[in-house]
Amino acid sequence: PGTAKGVIFLTLEDETGIVNIIVWRKVYETFRRAVIAGRLLRVTGRLQRAHSVSHVIAEQIEDISPMLDLLLTEQGRQDEDAFAPLADLG
1 PGTAKGVIFL TLEDETGIVN IIVWRKVYET FRRAVIAGRL LRVTGRLQRA HSVSHVIAEQ
61 IEDISPMLDL LLTEQGRQDE DAFAPLADLG
């Protein structure tokens with residue numbers, strides 16, 4: 001993503017809501033690979049609130065995409081365990 005006056009804006013979303021992330025150029029240059037390639041990011045920074053708007057000023061950005069594979073593996077095991085009794089019916 002390109003920068004506007006040295007700033008990149010990201011939006012992160014999960015089942016609880018959405019948060020806007022502000023990434024200054026120096027932080028982006030440090031964590032560029034995570035910002036570009038990450039499917040799941042952990043952002044550490046300062047929370048700022050003004051009126052009814054909240055956003056995070058990023059200080060560190062970590063690509064934790066491999067954790068998605070762990071979630072899928074765990075879900076797969078749970079599904080197998082849940083359907084195991086049905087195998088006995090066949």
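Quick note: the sequence shown, position 3, residue 3 per our numbering, numbers continuous. For each residue, glycine too, the CB sits at the ideal point set by N, CA and C. Please read these numbers as outputs of a predicted model, since none were measured by experiment.
Practice problem: Just list the alpha helix (DSSP H) runs in the region 30–67, keeping only unbroken ones of 4 residues or longer that don't cross its boundaries, in chain order. | Solution: Counting only runs of at least 4 residues, the region 30–67 fully encloses the following alpha helix (DSSP H) elements, listed from N- to C-terminal order: 32–37.
Self-check item: Beta-carbon proximity of V43 to V56, cut-off 8 angstroms
Solution: Numbered from 1 along the sequence shown, position 43 holds the residue referred to as residue 43. Numbered from 1 along the sequence shown, position 56 holds the residue referred to as residue 56. Cβ distance < 8 angstroms, so V43 and V56 count as in contact.
Quiz item: What residue does the beta strand (DSSP E) around T11 start on, and which one ends it?
Solution: For the purposes of this step, residue 11 is identified with residue 11 of the sequence shown, where counting begins at 1. Unbroken beta strand (DSSP E) run through T11: V7 to D14.
Practice problem: Please state if the CB of L41 and the CB of I18 are separated by a distance shorter than 8 angstroms. | Solution: Working through the sequence shown from its first residue, we reach residue 18 at position 18. Working through the sequence shown from its first residue, we reach residue 41 at position 41. The answer is no: Cβ separation not under 8 angstroms.
Exercise. Using beta-carbon positions only, say whether A65 and R32 come within less than 8 angstroms of one another.
Key: Taking the sequence shown and counting its residues from 1, the one referred to as residue 65 is at position 65. Taking the sequence shown and counting its residues from 1, the one referred to as residue 32 is at position 32. It should be pointed out that residue 65 corresponds to Ser in this sequence rather than to Ala. No; because the gap between Cβ atoms is not below 8 angstroms, this pair is not in contact.
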